[in-house]
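Numbering (full-length UniProt numbering), first residue to last: 1 to 355.
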């Protein structure tokens with residue numbers, strides 16, 4: 001039996017599981033299973049009051065994933081969906097859920113099966129499930145657009161954001177800052193500067209296990225992001241558009257550009273074998289390897305585990321060379337070093353670029 005079909009069949013039997021066994025009284029006919037590949041969500045209508053919240057699933061990995069998502073309250077399914085996600089894809093739904101704690105189950109054809117309790121608080125927008133290669137993360141989410149009312153915003157100063165483009169950038173969503181609070185509820189002061197001007201300086205009340213997103217700019221430039229809580233302070237540069245989103249953690253002070261897509265493909269499209277020497281450098285580590293590639297051979301490597309900028313140097317035994325920057329930041333796909341049919345080397349790293 002196809003693994004995807006199995007996931008669809010199993011979902012109604014495992015919905016609502018937080019640990020071991022099915023809820024008492026649950027039946028297979030409670031939630032109809034959509035046809036595979038339709039991607040159509042199913043909501044179960046109840047007489048209970050409900051609130052509308054955003055529920056999203058994000059696949060920042062370099063591999064396509066077939067995902068089953070189920071939301072339950074007690075023994076009753078309130079939402080069910082099967083969805084195919086290509087690398088980097090995020091699906092977003094507005095769903096009606098009870099104004100109370102519900103259970104969320106996510107299961108994939110890559111072997112992930114995770115559950116979490118979702119408290120549908122009035123001050124927050126919804127829940128995002130972030131898929132990894134071996135596990136899933138659950139984040140409550142809230143988006144605070146500057147100059148608009150936001151329940152977790154405690155006030156401060158801001159200019160009219162997001163900044164409009166300057167004619168040198170071409171991308172479709174504003175670059176933004178995401179503040180992650182994995183611990184207890186905290187208050188955080190966020191400041192964003194460009195050159196000598198402060199664009200945003202505001203304070204937010206962040207519940208636990210919550211991601212706050214703030215859209216900032218369509219404008220190319222090097223920004224400065226600072227975050228301050230009672231426990232820590234951090235300041236970091238932010239390169240736009242190379243880093244479409246800047247992430248800052250309120251507990252550790254860790255910064256980055258999101259879940260790293262760290263797969264690098266090397267390909268030999270010549271009709272003769274080549275010996276490829278590869279060196280990749282980041283701020284924290286260096287990867288070096290010599291690879292013997294047969295004619296037409298392609299290999300995948302995961303040379304780095306962190307997101308962010310990496311300098312790539314590659315050469316072959318014939319003297320061909322290439323170098324460049326690889327920004328391992330969502331929503332970029334796999335980067336590649338290619339030996340073409342003439343023996344020349346090229347680094348290809350997709351992503352938003354000026355111009």
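Glycine is no exception: its CB is placed at the ideal position from the N, C-alpha and C atoms.
Source: prediction; values computed, not measured.
Contact between residue 308 and residue 343 does not hold, since the beta-carbon distance rounds to 31 Å and is not under 8 Å. Sequence-distant Cβ neighbours of residue 154 in its own chain, meaning closer than 8 Å and more than five residues away, are 187, 202, 203, 204, 205.
The beta carbons of residue 182 and residue 249 sit closer together than 8 Å. Between residue 268 and residue 294, the C-beta gap is smaller than 8 Å, which places the two residues in contact.
Under the three-state reduction of DSSP, residue 120 is assigned to coil, being neither helix nor strand. Between residue 104 and residue 127 a beta carbon distance of about 7 Å is seen, short of the 8 Å cut, so the two are scored as contacting.
By alpha-carbon distance to residue 228, the top candidate from 276, 274, 189 is 189.
Residue 241 and residue 335 have their C-alpha atoms spaced approximately 17 Å apart. Here DSSP, grouped into helix, strand and coil, assigns residue 325 to strand. DSSP places residue 215 inside the beta strand (DSSP E), whose first and last residues are 210-217. Using a Cβ-Cβ distance cut-off of 8 Å, the stretch 279-288 and the stretch 302-319 are in contact, since at least three pairs of beta carbons, one from each stretch, lie closer than that value.
Look at the stretch 213-267 and you find no whole run of alpha helix (DSSP H) that is 4 residues long or longer. Across the structure, residue 80 and residue 207 are spaced so that their CA atoms are roughly 27 Å apart. Of all C-beta pairs linking the stretch 89-104 to the stretch 47-56, three or more are shorter than 8 Å, placing the two stretches in contact. Sixteen is the threshold: since fewer than 16 other Cβ atoms of the shown chains lie within 10 Å of the Cβ of residue 289, the residue is exposed.
In this structure, the CA atom of residue 83 is about 36 Å from the CA atom of residue 339. In the three-state reduction of the DSSP assignment, residue 173 falls in the coil class, being assigned neither a helical nor a strand state. Residue 116 has its alpha-carbon roughly 42 Å from the corresponding atom of residue 297.
If you look at residue 312, you'll find it in the beta strand (DSSP E) that goes 308-316. The Cβ atoms of residue 215 and residue 176 sit closer than 8 Å to each other.
Residues 59, 64 of the same chain have their beta carbon placed closer than 8 Å to that of residue 86, with the five preceding and five following residues left out of the count.
The stretch 139-165 is shown to contain no whole alpha helix (DSSP H) run of 4 or more residues. C-alpha of residue 140 to C-alpha of residue 195: approximately 33 Å in a straight line.
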